[in-house]
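> Going by my numbering, the sequence shown opens with residue 155, and the numbers climb by one from there. Ideal Cβ placement from N, Cα and C applies to all residues, glycine included. Take a look at this one; I'll ask things after.
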Amino acid sequence: MSDSPLAHNGPLLPGTRLPSHFHECYGCGPELDFGLQLETEVGEAGTVIGGFIVTDAHQGASGLIHGGVLAAAFDEVLGALSWLTRVPAVTARLETDFRRPVPIGTDLRFEARIDSEEGRKSWRSAVATFADGREVARAQGLFVQVPRDHFNRHRHITSTDQRSEATSHD
Numbered sequence: 155m156s157d158s159p160l161a162h163n164g165p166l167l168p169g170t171r172l173p174s175h176f177h178e179c180y181g182c183g184p185e186l187d188f189g190l191q192l193e194t195e196v197g198e199a200g201t202v203i204g205g206f207i208v209t210d211a212h213q214g215a216s217g218l219i220h221g222g223v224l225a226a227a228f229d230e231v232l233g234a235l236s237w238l239t240r241v242p243a244v245t246a247r248l249e250t251d252f253r254r255p256v257p258i259g260t261d262l263r264f265e266a267r268i269d270s271e272e273g274r275k276s277w278r279s280a281v282a283t284f285a286d287g288r289e290v291a292r293a294q295g296l297f298v299q300v301p302r303d304h305f306n307r308h309r310h311i312t313s314t315d316q317r318s319e320a321t322s323h324d
């Protein structure tokens, strides 16, 4: 995990690309063809920025992004703030306000920030925009810190894991 931002000491610099936390994640996983493949990086002043291109696989109504897909993208970019705090956290609450329809083919941009923290709780917010800066939606979320082994305890073997194990024994 030496390429991981978590492996480095000190603050992460703006422009640092944040890795996917899981290769088959619907939000950021590079190996899930129908997923968002949302890419994130460290922004200015403690923010995370990111984006993805809306494809046919993401539509609800004909030609427009599904609202649940947009909410999933917010969940992903808000969760990516955990790279900055270096403490894993999970979504406890997510609220999304939709402002404009988002057509297929849109280059959707996101900016997320931590608004406040108290104990294990982290209140976060994000905005989604078109490339020209017009706002399409906003989200607010409550994230709760979890122990580092949380994801290992709840992990299941995926088809990709099984393929990797099979080829490693050959």
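Please report the distance separating the alpha-carbon of residue 293 from that of residue 173.
Within the sequence shown, numbered from 1, the residue matching residue 293 stands at position 139. Within the sequence shown, numbered from 1, the residue matching residue 173 stands at position 19. Approximately 22 Å, taken between the alpha carbons.
> Count the other CB atoms, across all protein chains shown, that sit within 10 Å of the CB of residue 167; report buried if there are 16 or more and exposed otherwise.
As a working note, residue 167 is residue 13 in the sequence shown. Exposed, since its Cβ has fewer than 16 Cβ neighbours within 10 Å.
> Please report how far the alpha carbon of residue 221 lies from the alpha carbon of residue 289, in whole angstroms.
As a position in the sequence shown, residue 221 is number 67, starting the count at 1. As a position in the sequence shown, residue 289 is number 135, starting the count at 1. When rounded, the distance between both Cα atoms is 15 Å.
> Going by DSSP, what residues sit across from residue 251 in a beta bridge?
On the sequence shown, residue 251 is found 97 positions in, with the first residue counted as 1. Answer by DSSP bridge pairing, in chain order: 292.
> Closest by CA to residue 273, which one among 192, 279 and 299?
Sequence index remark: in the sequence shown, residue 273 carries index 119 (1-based). Comparing Cα positions, the closest option is 299.
> Please go through the same chain and pick out, in chain order, the residues whose beta-carbon is closer than 6 Å to the beta-carbon of residue 211, but skip the five residues on each side of it.
Here residue 211 refers to the residue found at position 57 when the sequence shown is read from its first residue. Hits under 6 Å: 188.
> Report the residue from 209, 242 and 270 whose alpha carbon sits nearest the alpha carbon of residue 200.
Within the sequence shown, the letter at position 46 stands for residue 200. Comparing Cα positions, the closest option is 270.
> Residue 244 and residue 219 look like a contact to me (Cβ under 8 Å); what is the Cβ gap, rounded to whole Å?
Along the sequence shown, one-based indexing puts residue 244 at 90. Along the sequence shown, one-based indexing puts residue 219 at 65. Going by Cβ atoms, the distance from residue 244 to residue 219 rounds to 24 Å, so no, they are not a contact pair.
> In or out: residue 207 buried (at least 16 other Cβ within 10 Å) or exposed?
Along the sequence shown, read from residue 1 onward, the residue named residue 207 stands at position 53. Answer is exposed; the Cβ neighbour count stays below 16.
> For residue 198, tell me which candidate among 264, 250 and 286 has the shortest Cα-Cα distance.
The residue given as residue 198 occupies position 44 in the sequence shown. The shortest C-alpha separation from residue 198 is found at 264.
> Quick one: give me the first and last residue of the alpha helix (DSSP H) that residue 202 is part of.
Position 48 of the sequence shown, counting from 1, holds the residue named residue 202. Run containing residue 202: none in the alpha helix (DSSP H); it sits in the beta strand (DSSP E), 201-207.
> Measuring CA to CA, which of 259, 204 and 278 is closest to residue 239?
Translated into the one-based positions of the sequence shown, residue 239 becomes position 85. Residue 239 has its Cα closest to that of 278, out of 259, 204 and 278.
> Within its chain, find whatever has a CB closer than 8 Å to the CB of residue 214; leave out the 5 residues flanking it on each side and keep chain order.
Here the question's residue 214 lines up with position 60 in the sequence shown. 220, 221, 222 and 223, listed in sequence order.
> Whose CA, out of 230, 236, 261 and 262, lies closest to the CA of residue 275?
As a first step, residue 275 is located in the sequence shown; it is residue number 121 there, counting from the start. Nearest C-alpha to residue 275: 236.
> Which one or two residues does DSSP pair with residue 219 in a beta bridge?
On the sequence shown, position 65 is the one that residue 219 refers to. The partner list for residue 219 (beta bridge, DSSP) reads 213.
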